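> Using the numbering used here, read the sequence shown as starting at 73 and increasing by one per residue. Note that CB positions come from ideal geometry on N, CA and C, so glycine has one too. Source: prediction; values computed, not measured.
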Amino acid sequence: MADIFELMLTLDLRDALSEEELAELHWHLGLGTQPKALRIVTSFPHVVEGDHGEPIVEDHPEPLLGRHGEAYKVGGALVSVLVRKQDMRRAAWALSSRQEIHPDEFERTGELLTWLADKASAFHRRPDGSVHLGWSRFCEERRPEPLVVRDGVVIWPS
Numbered sequence: 073m074a075d076i077f078e079l080m081l082t083l084d085l086r087d088a089l090s091e092e093e094l095a096e097l098h099w100h101l102g103l104g105t106q107p108k109a110l111r112i113v114t115s116f117p118h119v120v121e122g123d124h125g126e127p128i129v130e131d132h133p134e135p136l137l138g139r140h141g142e143a144y145k146v147g148g149a150l151v152s153v154l155v156r157k158q159d160m161r162r163a164a165w166a167l168s169s170r171q172e173i174h175p176d177e178f179e180r181t182g183e184l185l186t187w188l189a190d191k192a193s194a195f196h197r198r199p200d201g202s203v204h205l206g207w208s209r210f211c212e213e214r215r216p217e218p219l220v221v222r223d224g225v226v227i228w229p230s
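#1: Would you be able to state if there are at least three C-beta pairs under 8 angstroms between the segment 152-160 and the segment 119-130?
#2: Express the C-alpha separation of G125 and L205 in angstroms, rounding to a whole number.
#3: Compare the Cα-Cα distances from L103 to each of I173, L167, D200, E179 and report the closest residue.
#4: Could you compute how far the alpha carbon of R46 sits from the alpha carbon of F77?
#5: Can you tell which of W228, V225, L79, H100 has the C-alpha that lies nearest to the C-alpha of V146?
#6: What are the boundary residues of the alpha helix (DSSP H) that includes T181?
#7: Can you give the beta carbon distance from T186 to G224, rounded, assuming they're within the 8 angstroms contact cut?
#8: In its own chain, which residues sit with a C-beta less than 7 angstroms from the C-beta of P218, not counting the 5 before and 5 after it?
#9: What do you reckon, are the CB atoms on L97 and H196 nearer than 8 angstroms?
#10: With respect to the alpha helix (DSSP H) encompassing L94, which residues constitute its N-terminal and C-terminal limits?
#11: Tell me, please, which residues DSSP counts as bridged to Q158.
#12: My understanding is that V221 touches A189, with C-beta atoms under 8 angstroms, so please give their C-beta distance in whole angstroms.
#13: For P135, does the count of other Cβ atoms within 10 angstroms reach 16, so buried, or fall short, so exposed?
#14: Quick test of your reading: G138 and H100, contact by CB under 8 angstroms. State the CB separation rounded to the nearest angstrom.
#15: Using the Cα positions of M73 and D87, report the straight-line distance between them to the nearest angstrom.
#16: Grab me the residues of L150's own chain with a C-beta within less than 7 angstroms of its C-beta, minus the 5 sequence neighbours each way, in chain order.
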């Protein structure tokens, strides 16, 4: 049994995204190439073994929501989509993503989700200031839990 969670994002983003932010977001969603400079999530530490057996921390950037194809633990398919909305009265971009995620990825993915919460349309904001991004669930559970960012922190399932 693996500690895999299903992450489902369904949100609309405001039009306040720069070309650099859009390029990086496309990369994180597996829809584009890696930009030269990363501004949303800037560090991807990965420990490797050095020539003499010592641990060395290297930076290995990878898209955080970029898996596409068959899901291994949660069934169905993994996908990410970002489309420009035609009706821009409430928001300019529609984002949907369904991914499998391990708790070891919560912190780094949380950086991206916190950034997305800041860019989310007013529709996703609750009276208490939290931002509803979608749902998450442990792979063996049937019922998802709301995926919320509150005070700049993702509230992950326990």
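On the basis of the coordinates in this document:
#1: no
#2: Position 133 of the sequence shown, counted from the first residue, corresponds to residue 205. Position 53 of the sequence shown, counted from the first residue, corresponds to residue 125. Distance between the alpha carbons of L205 and G125 is about 42 angstroms.
#3: Locating residue 103 in the sequence shown gives position 31, counting from the first residue. Residue L167 is the option with its Cα nearest to L103.
#4: Not covered by the structure: residue 46. The range shown for the chain is 73 to 230.
#5: In the sequence shown, counting from the first residue as 1, residue 146 sits at position 74. The shortest C-alpha separation from V146 is found at L79.
#6: Position 109 of the sequence shown, counted from the first residue, corresponds to residue 181. It spans 178-191 - the alpha helix (DSSP H) in which T181 sits, taken as one unbroken run.
#7: As a working mapping, residue 186 is identified with position 114 in the sequence shown. As a working mapping, residue 224 is identified with position 152 in the sequence shown. About 6 angstroms; that satisfies the 8 angstroms criterion.
#8: Position 146 of the sequence shown, counted from the start, is the residue given in the question as residue 218. Correct list, in chain order: H204, W207.
#9: Against the sequence shown, residue 97 aligns to sequence position 25. Against the sequence shown, residue 196 aligns to sequence position 124. For L97 and H196, no; Cβs fall outside 8 angstroms.
#10: Counted from its first residue, the sequence shown places residue 94 at position 22. Unbroken alpha helix (DSSP H) run through L94: 91-100.
#11: Here residue 158 refers to the residue found at position 86 of the sequence shown. Answer by DSSP bridge pairing: none, since Q158 is not bridged.
#12: Counting from one through the sequence shown, the residue named residue 221 turns up at place 149. Counting from one through the sequence shown, the residue named residue 189 turns up at place 117. At roughly 4 angstroms, the Cβ-Cβ gap stays under 8 angstroms, so V221 and A189 are in contact.
#13: In the sequence shown, the residue the question calls residue 135 occupies position 63. Result: buried.
#14: The sequence position of residue 138 within the sequence shown is 66, counting from 1. The sequence position of residue 100 within the sequence shown is 28, counting from 1. Correct: roughly 6 angstroms between the Cβ atoms.
#15: Taking the sequence shown and counting its residues from 1, one reaches residue 73 at position 1. Taking the sequence shown and counting its residues from 1, one reaches residue 87 at position 15. In this prediction, M73 has a pLDDT of 48, which is less than 50 and means its spatial position is unreliable; what the coordinates show is noted afterwards. Roughly 41 angstroms between the two C-alpha positions.
#16: Residue numbering aside, residue 150 sits at position 78 when the sequence shown is read from its first letter. So the qualifying residues of the chain are R139, H140, G141, A143, R170, Q171, E172.
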